[in-house]
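Peer 1: Going line by line, the protein sequences match chains Z and P.
Counting in numbering that gives the first Met the number 0, the first sequence runs from 0 upward without gaps.
Counting in numbering that gives the first Met the number 0, the second sequence runs from 0 upward without gaps.
Even for Gly, the Cβ is constructed at its ideal location relative to N, Cα and C.
Number of protein chains: 2
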Amino acid sequence: MKFGGTSMAGTERIRRVARIVKRQQDAGHEVAVVVSAMAGETDRLVNFCREANPLYDPAEYDVVVASGEQVTSGLLAIALQALGANARSWLGWQLPIRTVEAHAKARIEEIDAEALIAEMQKGVIAVIPGFQGMSEDGRVTTLGRGGSDTSAVAVAAAVKADRCDIYTDVDGVYTTDPRIVAKARKLTNVTYEEMLELASVGAKVLQTRSVGLAMKEGVRVQVLSSFIDDDAPAADTIPGTMIVSDEELEGMDMERQLITGIAHDKNEAKITLTRVPDKPGAVANIFGPLAEAAINVDMIIQNVGRDKGETDVTFTVPAADLARSLDLLEAAKETIGFNRIIPDTNVAKISVVGVGMKSHAGVASTMFKALADRGVNIQAISTSEIKVSVLIEEDYTELAVRVLHTAYGLDAVEA
Amino acid sequence: MKFGGTSMAGTERIRRVARIVKRQQDAGHEVAVVVSAMAGETDRLVNFCREANPLYDPAEYDVVVASGEQVTSGLLAIALQALGANARSWLGWQLPIRTVEAHAKARIEEIDAEALIAEMQKGVIAVIPGFQGMSEDGRVTTLGRGGSDTSAVAVAAAVKADRCDIYTDVDGVYTTDPRIVAKARKLTNVTYEEMLELASVGAKVLQTRSVGLAMKEGVRVQVLSSFIDDDAPAADTIPGTMIVSDEELEGMDMERQLITGIAHDKNEAKITLTRVPDKPGAVANIFGPLAEAAINVDMIIQNVGRDKGETDVTFTVPAADLARSLDLLEAAKETIGFNRIIPDTNVAKISVVGVGMKSHAGVASTMFKALADRGVNIQAISTSEIKVSVLIEEDYTELAVRVLHTAYGLDAVEA
Numbered sequence: 000m001k002f003g004g005t006s007m008a009g010t011e012r013i014r015r016v017a018r019i020v021k022r023q024q025d026a027g028h029e030v031a032v033v034v035s036a037m038a039g040e041t042d043r044l045v046n047f048c049r050e051a052n053p054l055y056d057p058a059e060y061d062v063v064v065a066s067g068e069q070v071t072s073g074l075l076a077i078a079l080q081a082l083g084a085n086a087r088s089w090l091g092w093q094l095p096i097r098t099v100e101a102h103a104k105a106r107i108e109e110i111d112a113e114a115l116i117a118e119m120q121k122g123v124i125a126v127i128p129g130f131q132g133m134s135e136d137g138r139v140t141t142l143g144r145g146g147s148d149t150s151a152v153a154v155a156a157a158v159k160a161d162r163c164d165i166y167t168d169v170d171g172v173y174t175t176d177p178r179i180v181a182k183a184r185k186l187t188n189v190t191y192e193e194m195l196e197l198a199s200v201g202a203k204v205l206q207t208r209s210v211g212l213a214m215k216e217g218v219r220v221q222v223l224s225s226f227i228d229d230d231a232p233a234a235d236t237i238p239g240t241m242i243v244s245d246e247e248l249e250g251m252d253m254e255r256q257l258i259t260g261i262a263h264d265k266n267e268a269k270i271t272l273t274r275v276p277d278k279p280g281a282v283a284n285i286f287g288p289l290a291e292a293a294i295n296v297d298m299i300i301q302n303v304g305r306d307k308g309e310t311d312v313t314f315t316v317p318a319a320d321l322a323r324s325l326d327l328l329e330a331a332k333e334t335i336g337f338n339r340i341i342p343d344t345n346v347a348k349i350s351v352v353g354v355g356m357k358s359h360a361g362v363a364s365t366m367f368k369a370l371a372d373r374g375v376n377i378q379a380i381s382t383s384e385i386k387v388s389v390l391i392e393e394d395y396t397e398l399a400v401r402v403l404h405t406a407y408g409l410d411a412v413e414a
Numbered sequence: 000m001k002f003g004g005t006s007m008a009g010t011e012r013i014r015r016v017a018r019i020v021k022r023q024q025d026a027g028h029e030v031a032v033v034v035s036a037m038a039g040e041t042d043r044l045v046n047f048c049r050e051a052n053p054l055y056d057p058a059e060y061d062v063v064v065a066s067g068e069q070v071t072s073g074l075l076a077i078a079l080q081a082l083g084a085n086a087r088s089w090l091g092w093q094l095p096i097r098t099v100e101a102h103a104k105a106r107i108e109e110i111d112a113e114a115l116i117a118e119m120q121k122g123v124i125a126v127i128p129g130f131q132g133m134s135e136d137g138r139v140t141t142l143g144r145g146g147s148d149t150s151a152v153a154v155a156a157a158v159k160a161d162r163c164d165i166y167t168d169v170d171g172v173y174t175t176d177p178r179i180v181a182k183a184r185k186l187t188n189v190t191y192e193e194m195l196e197l198a199s200v201g202a203k204v205l206q207t208r209s210v211g212l213a214m215k216e217g218v219r220v221q222v223l224s225s226f227i228d229d230d231a232p233a234a235d236t237i238p239g240t241m242i243v244s245d246e247e248l249e250g251m252d253m254e255r256q257l258i259t260g261i262a263h264d265k266n267e268a269k270i271t272l273t274r275v276p277d278k279p280g281a282v283a284n285i286f287g288p289l290a291e292a293a294i295n296v297d298m299i300i301q302n303v304g305r306d307k308g309e310t311d312v313t314f315t316v317p318a319a320d321l322a323r324s325l326d327l328l329e330a331a332k333e334t335i336g337f338n339r340i341i342p343d344t345n346v347a348k349i350s351v352v353g354v355g356m357k358s359h360a361g362v363a364s365t366m367f368k369a370l371a372d373r374g375v376n377i378q379a380i381s382t383s384e385i386k387v388s389v390l391i392e393e394d395y396t397e398l399a400v401r402v403l404h405t406a407y408g409l410d411a412v413e414a
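Encoded structure:
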């Protein structure tokens, strides 16, 4: 079980979480709980570091910020004991949760869960701070913001859990953002791949890295609301959305939807380079420097140039990397040989996602027609095995999501 | 160097502490720094534990409250790095600081300072959270409130420090409480034994346990103000009060005062048992149960009884233990065979302290005469090698302290 910062904000809420956890044990489960810091606490600690030195040492930053989850894990153990449960905390260095040394963005390498499993079998509820680990040289590390979801999946994998229940502010994964489409439906099941592609919907629900890890380790993850009535029956009976493998989903006796959901992402920026020489190696000259700087280039289109032997190249990068991308490209202007750079942050990526997608052509033509009928202009297109994405003007985002949600028959039937 | 919670309250003050520390390194010293949590933080964390469960598990309490010093040690390392210093934090479990398992009131058993010394020799400033350690079974322990002074002395002993500078809210140890006697003088030197006896003055300055440890380990402790100008020269040249051994003090070429200071203690309670049988074993029947309950009995006087074969016995206990003491004595009423118990919390203990005290008789007679001249009635007397204490009515505390401060010639000469 994993509880986020909103669920852990203050001792009253922590006592509530303790009741939810205890009920799972009472229902016959062995339970490990991964907790976030109290809502706002990590921000407070990060600000302290920035105030002490804007160029803070990530190793010491980790020492400071890891304390937030240390506090909530101790408090949850205390609150569980108050309910008569046998509970104790294990900090990252105590298990240990071994990570690579990259401070402030460490990756979990291994969790030694032997002691944990032995104690859980004796009926002890294990409480583990999320977000933190220990490097090979015995220092505190943290996994980067939102890392507690990844901690939870990693612990679930280490103890070979039947299920990893992630309690969040929402009660599951929806066909699209319910704030945009009132008729969005909660999905009963979704595959890892779909969940990754639904990132713009899912990012508010689960950290993307945790989904990747769950897929790699085969951990069945359930997303459910932490705001259920704490006198309600155990979580088994009030399902949220279950994230499972494609194989497991195939095995379920249910009608598969062609399309699972509609995602949108406003955090992309478009860059167009005009009059790039249309010759071998030109593209490598553009994307080489960006790849070296670990900037993730997504959609790429090469337009027909106005003059012979020249072409316009358009692609998208994360908006946060736009300034750095422009600097790198300007620096490589001679090598690349372009005329102008035209940046544009007024774009959004809309994606139609579904493992049941049989043919891109069919899905894409429905998409293009639905958008064209409402006057939404498509600036770029990209596809993967389970999605079709288009780049549009940002102002049309909500309209496009609503139109597509209806076009693919995802709207909930009126009650 | 050790800095308390007031000095660490917020990043601005932590940056100030960093400048004070850096100056010591610049003056040619190898430096380790022990830090408290930010002022108010430990109270906040303790309250969380109480709210989670009034009968909290001390082991989990330790996990929660130890986080306060973890935060400040990381932040001070960051602030030192901002000044160009080479600095890093070592948490209690990283050195480790080994303690007995007694959670929330652990005692330091051993500090493995090998890595610390090696790094300090390379010019690294070591930052160590006070108050915390690790038990034999690898769990977080804390030393009890005010334990950071003890941590500092223990680290100083482990690295064989030339000096342990404890920066506090005051600029040294005074002949008495300056809030009572405006003419109180700052002492240049004081012995460990005197410091222990001056507890009622010294308790606001240094935790008593830390003084005992310094005496046992022969650590030279200096008490000085953390509110010195941070552009002032290094601490060597702006001394506070140096706490040293009797031998070192003897070796100093200076005139010794007969009396070092006047202490007062309002936290004692007086208990009188009337008509106790005046026979062998009667006293053992009284103090046996109190000793078993680890209640510290201080002054004891046996009055002349009204009837033959009976006597009144009066003694003091810490006011905090009064209720428990009364319960224990009532339970043993049959065995002891007293008539009535008369408790009295309206008392204060005034002590005259000085290793230079040649004869108790001379010191005591000065004391009794000075108090009698001002109408202060003495209820009990006790002496140790370096002090004479009297018990008086609490309302006369300040008067008695002022009278004695003058009587022993301790008043500062007017500027």
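Report back the beta-carbon spacing between isoleucine 242 of chain P and tyrosine 173 of chain P to the nearest angstrom; my notes put them in contact at under 8 Å.
Peer 2: Incorrect: roughly 13 Å between the Cβ atoms, too far for contact.
Peer 1: Can you confirm whether the segment 51-69 of chain P touches the segment 30-43 of chain Z when touching is taken to mean that 3 or more C-beta pairs between the two stretches lie within less than 8 Å?
Peer 2: no
Peer 1: Mapping DSSP to helix, strand and coil, what is tyrosine 166 of chain Z?
Peer 2: Tyrosine 166 of chain Z carries a strand assignment under DSSP once its states are collapsed to helix, strand and coil.
Peer 1: For the beta strand (DSSP E) holding alanine 322 of chain Z, just list the boundary residues, first then last.
Peer 2: From DSSP, alanine 322 of chain Z is part of no beta strand (DSSP E) but of the alpha helix (DSSP H) over 321-330.
Peer 1: Please work out which residues of its chain come closer than 6 Å, Cβ to Cβ, to glycine 211 of chain Z, disregarding the five sequence neighbours upstream and downstream, and give them in chain order.
Peer 2: none
Peer 1: Say whether chain P places a C-beta atom closer than 8 Å to the C-beta of histidine 404 of chain Z.
Peer 2: no
Peer 1: In chain P, which residues lie less than 9 Å from cysteine 48 of chain Z when you measure between Cβ atoms?
Peer 2: Thr10, Gly73, Leu74, Ile77
Peer 1: Let me make sure I understand the geometry here. Which of Z/Ala360, Z/Gly4, Z/Ile391, Z/Arg162 has the alpha-carbon closest to that of aspartate 42 of chain Z?
Peer 2: Z/Gly4
Peer 1: Confirm, please, whether the CB-CB distance from threonine 313 of chain Z to isoleucine 300 of chain Z is below 8 Å.
Peer 2: yes
Peer 1: Specify the secondary structure class of arginine 178 of chain Z as computed by DSSP and reduced to three states.
Peer 2: coil
Peer 1: Following the continuous alpha helix (DSSP H) through alanine 399 of chain P, name the residue where it begins and the one where it ends.
Peer 2: 396-406
Peer 1: Determine whether the Cβ of aspartate 56 of chain P lies closer than 8 Å to any Cβ atom of chain Z.
Peer 2: yes
Peer 1: By alpha-carbon positions, which one of Z/Ile179, Z/Gly239, Z/Ala156 ends up nearest to glycine 217 of chain Z?
Peer 2: Taking each of Z/Ile179, Z/Gly239, Z/Ala156 in turn and checking the Cα distance to glycine 217 of chain Z, the smallest one comes out for Z/Ala156.
Peer 1: Say whether chain Z places a C-beta atom closer than 8 Å to the C-beta of serine 35 of chain P.
Peer 2: no
Peer 1: Kindly indicate which three-state DSSP category leucine 115 of chain P falls into: helix, strand or coil?
Peer 2: Of the three classes helix, strand and coil, the one that applies to leucine 115 of chain P here is helix, per DSSP.
Peer 1: Since glutamine 256 of chain P and glycine 353 of chain P should fall inside the 8 Å C-beta cutoff, what is the C-beta to C-beta distance between them, to a whole number of angstroms?
Peer 2: Indeed, because the Cβ distance is near 6 Å, the residues count as touching under 8 Å.
Peer 1: Hey, alanine 51 of chain Z and alanine 81 of chain P are a contact pair by Cβ (cut 8 Å); roughly how many whole angstroms apart?
Peer 2: In this structure alanine 51 of chain Z is in contact with alanine 81 of chain P, their Cβ atoms being roughly 7 Å apart against a cut-off of 8 Å.
Peer 1: Could one say the Cβ of valine 154 of chain Z lies closer than 8 Å to chain P's Cβ atoms, at least one of them?
Peer 2: no
Peer 1: What is the residue span of the alpha helix (DSSP H) that leucine 390 of chain Z lies within?
Peer 2: Careful: leucine 390 of chain Z lies outside any alpha helix (DSSP H), inside the beta strand (DSSP E) at 386-392.
Peer 1: Go through the segment 182-216 of chain P residue by residue and report every complete run of the beta strand (DSSP E) that reaches 3 residues or more, in order.
Peer 2: 188-190
Peer 1: Along chain P, in chain order, which residues have C-beta atoms closer than 8 Å to that of isoleucine 13 of chain Z?
Peer 2: Ala51
Peer 1: On the DSSP bridge assignment, give the partners of valine 222 of chain Z in chain order.
Peer 2: Z/Ile165, Z/Thr240
Peer 1: Determine the burial state of leucine 75 of chain Z: buried for a count of at least 16 other Cβ atoms within 10 Å of its Cβ, exposed for fewer.
Peer 2: buried
Peer 1: Could you give the distance in angstroms between the alpha-carbon of glutamine 131 of chain Z and the alpha-carbon of phenylalanine 226 of chain Z?
Peer 2: 25 Å
Peer 1: If valine 389 of chain Z and isoleucine 349 of chain Z are in contact, beta carbons under 8 Å, what's the gap, nearest whole angstrom?
Peer 2: 6 Å
Peer 1: For glutamine 120 of chain Z, does the count of other Cβ atoms within 10 angstroms reach 16, so buried, or fall short, so exposed?
Peer 2: exposed
Peer 1: Tell me the DSSP secondary structure of leucine 44 of chain P in three-state form.
Peer 2: helix
Peer 1: Tell me glutamate 109 of chain Z's beta-bridge partners as DSSP assigns them.
Peer 2: For glutamate 109 of chain Z, which the question treats as bridged, DSSP gives the partners Z/Arg97.
Peer 1: Measure from the C-beta of valine 16 of chain Z to each C-beta in chain P and report whether the shortest distance is under 8 Å.
Peer 2: no
Peer 1: Please state the DSSP three-state secondary structure of arginine 138 of chain P.
Peer 2: coil
Peer 1: Tell me whether lysine 348 of chain Z sits in a helix, a strand or coil according to DSSP, three-state version.
Peer 2: Of the three classes helix, strand and coil, the one that applies to lysine 348 of chain Z here is strand, per DSSP.
Peer 1: Looking only at its own chain, which residues have a Cβ that is under 6 Å from the Cβ of glutamate 397 of chain P, when we skip the five neighbours before and after it?
Peer 2: Ile179
Peer 1: Is the beta carbon of arginine 12 of chain Z closer than 8 Å to that of serine 415 of chain Z?
Peer 2: Coverage of chain Z is limited to positions 0 through 414, which leaves residue 415 of chain Z absent and any answer about it impossible.
Peer 1: Residues of chain Z with a CB under 7 Å from the CB of serine 66 of chain P: which are they?
Peer 2: Going along chain Z in sequence order, the residues near serine 66 of chain P (Cβ under 7 Å) are Ser66, Gln69, Val70.
Peer 1: To the nearest angstrom, how far is the alpha carbon of methionine 251 of chain Z from that of leucine 186 of chain Z?
Peer 2: 14 Å
Peer 1: I need the straight-line Cα distance from methionine 194 of chain Z to histidine 404 of chain Z, nearest angstrom please.
Peer 2: Methionine 194 of chain Z and histidine 404 of chain Z have their alpha carbons spaced roughly 17 Å apart.
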